[in-house]
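Colleague: The structure's right below; bear with me while I get my questions together.
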Amino acid sequence: MEYEEIFMQRALELARYGRGKVSPNPMVGCVIVYEGQIIGEGYHKKYGEAHAEVNAVRSVREPEKLKESTLYVTLEPCSHFGKTPPCADLIIQHKIPKVVVATTDPNPQVAGRGLKKLTEAGVEVYTGVHEKEAQELNKRFFTQILQKRPYIILKWAETADGFIARDNYDSKWISDWYSRKLVHRWRSEEDAILVGGNTAKYDDPKLNVRSWTGRNPIRIVIDRTLQLNKELHLFDGSQLTLCFNEQKTEKQDQLEYIQLADCHDPRQLIQGLRDYPIQSLIVEGGSAVLHSFLQAGLWDELRVFKSKTTFGSGIPAPHPMGCLVQQEQLLNDHLYIYRKDT
Ligand code: AOF
Ligand code: ZN
Numbered sequence: 464m465e466y467e468e469i470f471m472q473r474a475l476e477l478a479r480y481g482r483g484k485v486s487p488n489p490m491v492g493c494v495i496v497y498e499g500q501i502i503g504e505g506y507h508k509k510y511g512e513a514h515a516e517v518n519a520v521r522s523v524r525e526p527e528k529l530k531e532s533t534l535y536v537t538l539e540p541c542s543h544f545g546k547t548p549p550c551a552d553l554i555i556q557h558k559i560p561k562v563v564v565a566t567t568d569p570n571p572q573v574a575g576r577g578l579k580k581l582t583e584a585g586v587e588v589y590t591g592v593h594e595k596e597a598q599e600l601n602k603r604f605f606t607q608i609l610q611k612r613p614y615i616i617l618k619w620a621e622t623a624d625g626f627i628a629r630d631n632y633d634s635k636w637i638s639d640w641y642s643r644k645l646v647h648r649w650r651s652e653e654d655a656i657l658v659g660g661n662t663a664k665y666d667d668p669k670l671n672v673r674s675w676t677g678r679n680p681i682r683i684v685i686d687r688t689l690q691l692n693k694e695l696h697l698f699d700g701s702q703l704t705l706c707f708n709e710q711k712t713e714k715q716d717q718l719e720y721i722q723l724a725d726c727h728d729p730r731q732l733i734q735g736l737r738d739y740p741i742q743s744l745i746v747e748g749g750s751a752v753l754h755s756f757l758q759a760g761l762w763d764e765l766r767v768f769k770s771k772t773t774f775g776s777g778i779p780a781p782h783p784m785g786c787l788v789q790q791e792q793l794l795n796d797h798l799y800i801y802r803k804d805t
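Each residue of the sequence shown is one higher than the last, beginning at 464 in this note's numbering.
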């Protein structure tokens, strides 16, 4: 690996410390190198607070060295006055002569302007070092901005003979406790979680994070005709829950109704979420909802558990598509991860 890649790798590592704390902002990491040695490091720690470059510059003990240093950053330095002043200005003020960037910032307020500002000020700028990794790291941020929709993960567990539930819709106990714990971790990493009416009715899920430490996602349920029993866990008022339906209703405590013309249309569901801070979404079933998202091409990632259990008959699991990017034997289940674009 080139030394430039090694420093960018470190910046990416730092960026990851921001996971779960900076959304809807991207995770960003930065290192400052003087004569081949790292003299400053920083990352974006919390939404609304200092950007990675600011923290890295602040960490340098001998600021006069900045004039002869190279700054490595995983995202194009910003050029706008947001919650913080532009990082490009900070770099120019400190007379840092060289900047290496992994990827440009798709945010329309930045989108190349940060790089332009630096170049025009005489800073030597390089881009594209570990670009793919940097975009992968912020796949939710990139999808939200470029595709104007959340990053969508479809998740299901299927039996060895390909069923997602029994004929009576019972889908519990396909995957084992280890896989279910992993699902709780996944829930803590995304902004929202969606299930259809049948899953809500027959599984009565809580859709929160219990077997892992982390924040609860916003819960979303489809209840077309508003006939779901209010005793279900989803309606316990413990966290913000959105309820898609086709009738008019009033908002209640922690429960917000979103009226749509057609709840079967995943495009309308996604459109209905536009006013909420949802950069990523896990769809956890049931089969009809998963099928509709797959069919509409509205997904980015599939996470499929295959267990050793067999049902003999039942509701068939969807056919995975896309590109298999990860395959792993867990405790008893096998995990397959597919991506639409790689
Ligand atoms: C950087 N370095 O560490 C981050 C950047 O509201 P603000 O001021 O925090 O600006 C947020 C936007 O700035 C965000 O949408 C993204 O375009 C960029 N994030 N830029 O130079 C950083 N986190
Ligand atoms: Zn910035």
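Note that CB positions come from ideal geometry on N, CA and C, so glycine has one too.
Just the C-alpha distance for Asn860 and Glu465, rounded to the nearest angstrom, thanks.
Modeller: Given a span of 464 to 805 for the chain in the structure shown, any question on residue 860 remains unanswerable.
Colleague: Any heavy atom of ligand 1 closer than 7 angstroms to the CB of Gly545?
Modeller: Yes, the beta carbon of Gly545 sits closer than 7 angstroms to at least one heavy atom of ligand 1.
Colleague: Beta carbon of Asn515: closer than 7 angstroms to some heavy atom of ligand 1?
Modeller: Correcting the residue type first, residue 515 is Ala in the shown sequence and not Asn. Under cutoff, so the answer is yes.
Colleague: Hey, out of Thr533, Pro560, Lys558 and Gly577, whose CA is closest to Phe544's CA?
Modeller: It is Gly577.
Colleague: If you count every other CB in all the chains shown that lies within 10 Å of the CB of Pro540, and 16 or more means buried, which is it?
Modeller: Pro540 comes out buried.
Colleague: Closer than 7 angstroms: is that where the CB of Asn570 sits relative to any heavy atom of ligand 1?
Modeller: Answer for Asn570: yes, Cβ within range of ligand 1.
Colleague: Can we say the segment 577 to 595 touches the segment 612 to 619, given the rule of at least three CB pairs closer than 8 angstroms?
Modeller: The segment 577 to 595, when compared against the segment 612 to 619, does not touch it at the 8 angstroms Cβ threshold.
Colleague: Excluding the five sequence neighbours on either side, which residues of its own chain have a C-beta within less than 8 angstroms of the C-beta of Trp649, listed in chain order?
Modeller: Once the five neighbours on either side are set aside, the close Cβ partners of Trp649 are Ile616, Lys618, Ile745 and Arg766.
Colleague: If you drop the 5 nearest sequence neighbours on each side, which residues of the same chain put their C-beta closer than 6 angstroms to that of Met784?
Modeller: Cβ neighbours of Met784 beyond the five flanking positions: none.
Colleague: So, is Ile469 buried or exposed, given that buried needs 16 or more other C-beta atoms within 10 angstroms?
Modeller: The residue is exposed, with fewer than 16 neighbouring Cβ atoms inside 10 Å.
Colleague: Check whether the Cβ atoms of Arg687 and Glu709 lie closer than 8 angstroms to each other.
Modeller: Yes, they are a contact pair.
Colleague: Cα separation between Gly481 and His507?
Modeller: When rounded, the distance between both Cα atoms is 6 angstroms.
Colleague: Hey, Thr606 and Asp763 are a contact pair by Cβ (cut 8 angstroms); roughly how many whole angstroms apart?
Modeller: Right, the Cβ-Cβ distance comes to about 6 angstroms (below 8 angstroms), so this counts as a contact.
Colleague: With three or more beta-carbon pairs closer than 8 angstroms as the criterion, would you say the segment 486 to 494 touches the segment 505 to 519?
Modeller: Segments in contact, yes.
Colleague: Kindly list the residues whose CB is nearer than 6 angstroms to the CB of Asp624, restricted to its own chain and excluding five residues on each side of it in sequence; keep chain order.
Modeller: These residues qualify, in order along the chain: Thr773.
Colleague: Can you list, in chain order, the residues of its chain whose CB lies under 6 angstroms from that of Gly503, leaving out five sequence neighbours each side?
Modeller: Contacts found: Ile495, Ala519, Ser522 and Val523.
Colleague: When DSSP builds the beta bridges, which residues end up paired with Lys595?
Modeller: Answer is none; Lys595 lacks a bridge partner.
Colleague: Measuring from the CB of Val815, is there a heavy atom of ligand 1 at a distance below 7 angstroms?
Modeller: Because the chain is modelled from 464 through 805, residue 815 falls outside the range shown and cannot be assessed.
Colleague: Does any heavy atom of ligand 1 sit closer than 7 angstroms to the C-beta of Leu538?
Modeller: Under cutoff, so the answer is yes.
Colleague: Between Ser750, Cys550 and Tyr535, which has its C-alpha nearest Leu657's C-alpha?
Modeller: Here the closest residue by C-alpha is Ser750.
Colleague: Grab the span of the alpha helix (DSSP H) containing Lys618 for me, first residue to last.
Modeller: Not the alpha helix (DSSP H): Lys618 falls in the beta strand (DSSP E), residues Tyr614 to Glu621.
Colleague: From Gly659 to Glu531, what distance separates their C-alpha atoms?
Modeller: The alpha-carbon atoms of Gly659 and Glu531 are separated by roughly 58 angstroms.
Colleague: Please confirm whether Gly748 and Ser651 have their CB atoms less than 8 angstroms apart.
Modeller: No; because the gap between Cβ atoms is not below 8 angstroms, this pair is not in contact.
Colleague: Would DSSP call Val416 helix, strand or coil?
Modeller: The first residue shown for the chain is 464 and the last is 805, placing residue 416 beyond what the model contains.
Colleague: Looking at the secondary structure, which residues open and close the alpha helix (DSSP H) in which Lys769 lies?
Modeller: Run containing Lys769: none in the alpha helix (DSSP H); it sits in the beta strand (DSSP E), Glu764 to Lys769.
Colleague: Along the chain, where does the beta strand (DSSP E) containing Lys706 start, and where does it finish?
Modeller: Residue identity check: residue 706 is Cys in the sequence provided, not Lys. Residues Thr704 to Asn708.
Colleague: Taking the beta strand (DSSP E) that His797 falls in, what are its first and last residues?
Modeller: Residues His797 to Arg802.
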